[in-house]
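**Student:**
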Amino acid sequence: MNINRILFVSELNQELEELLAPYKIDKSMRFANEAAVQESDLQWADAFVSFKTKTSYDYSQVKWVHSLGAGVDHFLFQKNWDDKVLLTRTICSFGERISEYCLSYLLKDVQLHNRFKELQAEGSWQPIKPSMLNEAKVVIYGTGEIGQKVASVLSSFGVEVYGVSLSGKQKTGFKQVVANDDASGILQTVDYMINTLPLTKKTEQLFNERIFSKLSQAGFINVGRGESVSEADLLAALDAEQLRFAVLDVFANEPLPEAHPFWQDLRITVTPHISAVTTAEEAVQCFVETLERVENDRPLQNQVDIEKGF
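Per our numbering, residue 43 is the first one in the sequence shown, and the count goes up by one each step.
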């Protein structure tokens, strides 16, 4: 595929332009903020490079679209996609970052951080024996690159890790992988449930009363997409003690509105979509490598399957 003209649409354009300079890419490049993009820019470009825009552009006018983030739901979800247009995404340290994020909250729980903080405030000396990670059972929804990395890290600490995917195909790092419809038995015995799934038609509102009702005093960590969770059902599951706590890094509406009940609920930890931050350096490196592969018709590990949505 010949790529000669590249349009970058990002809040990080200045930084991206500076980081791209040493690569001496022999292409015509335009850097525009979202508000400034015109129809003529899309007609000019062979490739469109962006992270997440609020505007739905006509991507059929270009040959290739590259996401500067791992997720591509803002390009595909509830939208029509021209199959002639190549879509790729950024792959970098997401798995490692998300693994450490999840591990930190599991350790916080088994080591009773919250309880000892309460006892400290009371001036109360009460030795309580923490549990260990090798006593924990975790189910991870999503067994792709990120899910496998999380499974590998947790398994290295002796955690019993199960996976749930659309296919139920066995993957490295998991004791067992099952299809979504076959997960009931596992859910009834897990200590923690982690969502790493992308947003697709099949995952929208997936985490609802049907899944939460199978749990008993479990912890829930969402590093996938906020739209995958029914917020009302999540709160109901906390009230019913199906969930003991929830750690949420992604939300249906971001930033999370000031009046949202999640802010004040002590059972919920809110973080501002930071579990898998893409640095500009990583984004540029992945883009340059992908450009080289696209132009030389080499295999692409980061090509998005339009039907699957990831």
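In this text, a Cβ means the ideal position worked out from N, Cα and C, and glycines have one as well.
Everything numeric in this text was worked out from a predicted model, so none of it was measured.
Assign Gln-190 to one of two classes, buried (16 or more other C-beta atoms within 10 Å of its C-beta) or exposed (fewer than that).
**Tutor:** Gln-190 comes out buried.
**Student:** So Lys-150 is in the alpha helix (DSSP H); what residue range does that whole segment cover?
**Tutor:** That run of the alpha helix (DSSP H) goes 136-152.
**Student:** What's the call for Gly-261, buried or exposed, on a 16-neighbour Cβ count within 10 Å?
**Tutor:** By the neighbour-count rule (16 or more Cβ atoms within 10 Å), Gly-261 is buried.
**Student:** Measure the beta-carbon distance from Val-152 to Phe-352 and round it to whole angstroms, keeping in mind my assumption that it falls under 8 Å.
**Tutor:** That pair is no contact at about 31 Å.
**Student:** From Thr-132 to Asp-347, what does the alpha carbon distance come to, in whole angstroms?
**Tutor:** Computed Cα separation, rounded: 14 Å.
**Student:** If we define contact as Cβ-Cβ less than 8 Å, is Gly-189 a contact residue for chain B?
**Tutor:** No chain B appears in this structure, which consists of one protein chain only.
**Student:** Alpha carbon to alpha carbon, how far is Asp-275 from Asn-264?
**Tutor:** Asp-275 and Asn-264: Cα-Cα distance of roughly 14 Å.
**Student:** Threshold first: 3 residues or longer. Then list the beta strand (DSSP E) segments lying entirely within the segment 294-332, N to C.
**Tutor:** Counting whole runs of 3 or more residues, the segment 294-332 contains the beta strand (DSSP E) stretches 310-312.
**Student:** By alpha-carbon positions, which one of Gln-259, Leu-257, Ile-310 ends up nearest to Leu-277?
**Tutor:** Here the closest residue by C-alpha is Ile-310.
**Student:** Name the residue from Ala-63, Leu-280, Leu-129 whose alpha carbon lies nearest to the alpha carbon of Lys-350.
**Tutor:** The residue with the shortest Cα to Cα distance from Lys-350 is Leu-129.
**Student:** What span of residues does the beta strand (DSSP E) with Trp-106 cover, start to end?
**Tutor:** Element bounds for Trp-106: 106-109.
**Student:** Compute the beta-carbon to beta-carbon distance between Val-195 and Leu-145, rounded to the nearest angstrom, for a pair I have assumed lies under 8 Å.
**Tutor:** That pair is a contact at about 6 Å.
**Student:** Counting pairs of beta carbons, one from the segment 97-104 and one from the segment 57-66, are three or more of them closer than 8 Å?
**Tutor:** Segments in contact, no.
**Student:** Compute the beta-carbon to beta-carbon distance between Leu-238 and Ile-182, rounded to the nearest angstrom, for a pair I have assumed lies under 8 Å.
**Tutor:** The sequence as given places Thr at residue 238; Leu does not occur at that position. Rounded, the Cβ-Cβ distance is 6 Å, consistent with contact.
**Student:** Would Glu-273 be called buried (16 or more neighbouring beta carbons within 10 Å of its own) or exposed?
**Tutor:** Buried.
**Student:** Please give the ranges of any alpha helix (DSSP H) in the segment 247-291, keeping only runs that are unbroken, at least 4 residues long and fully inside the region.
**Tutor:** List check, alpha helix (DSSP H) in window: 251-254, 273-281.
**Student:** Just to confirm the assignment: which complete beta strand (DSSP E) runs, minimum length 3, are found wholly within the segment 71-128?
**Tutor:** Within the segment 71-128, the complete beta strand (DSSP E) runs of at least 3 residues are 89-92, 106-109.
**Student:** Please list the terminal residues of the continuous beta strand (DSSP E) segment that includes Ile-48.
**Tutor:** Element bounds for Ile-48: 47-51.
**Student:** Specify whether the segment 77-94 and the segment 110-124 touch according to this definition: at least 3 beta carbon pairs, one from each stretch, less than 8 Å apart.
**Tutor:** Short answer: they touch.
**Student:** Taking the alpha helix (DSSP H) that Gln-162 falls in, what are its first and last residues?
**Tutor:** Here the alpha helix (DSSP H) through Gln-162 covers 155-164.
**Student:** Where does the unbroken beta strand (DSSP E) through Ser-207 begin, and where does it stop?
**Tutor:** 202-207 is the span of the beta strand (DSSP E), which, as asked, contains Ser-207.
**Student:** Between which two residues does the beta strand (DSSP E) carrying Gln-218 extend?
**Tutor:** Segment 218-221, the beta strand (DSSP E) holding Gln-218.
**Student:** Excluding the five sequence neighbours on either side, which residues of its own chain have a C-beta within less than 8 Å of the C-beta of Asp-88, listed in chain order?
**Tutor:** Here the set comprises Asn-44, Ile-45, Asn-46, Arg-47, Ile-48, Val-104, Lys-105, Trp-106.
**Student:** Take His-108 and list the residues in its own chain whose beta-carbon comes closer than 7 Å to its own, dropping the five residues that flank it on each side.
**Tutor:** Contacts found: Ala-89, Val-91, Thr-130, Phe-329, Thr-332.
**Student:** Need the endpoints of the alpha helix (DSSP H) that Ile-237 sits in, please.
**Tutor:** Note on residue identity: the sequence assigns Asn, not Ile, to residue 237. Where Asn-237 is concerned, there is no enclosing alpha helix (DSSP H), although the beta strand (DSSP E) it sits in stretches over 234-237.
**Student:** In whole angstroms, give me the CA-to-CA distance for Ala-288 and Ala-279.
**Tutor:** So the two alpha carbons sit approximately 10 Å from each other.
**Student:** Could you tell me whether any non-hydrogen atom of the ligand ADP is closer than 7 Å to the CB of Leu-145?
**Tutor:** As for the ligand ADP, it is missing from this structure, which has no ligand bound.
**Student:** Using only the alpha-carbon positions, how far apart do Ala-225 and Ala-282 sit?
**Tutor:** About 20 Å.
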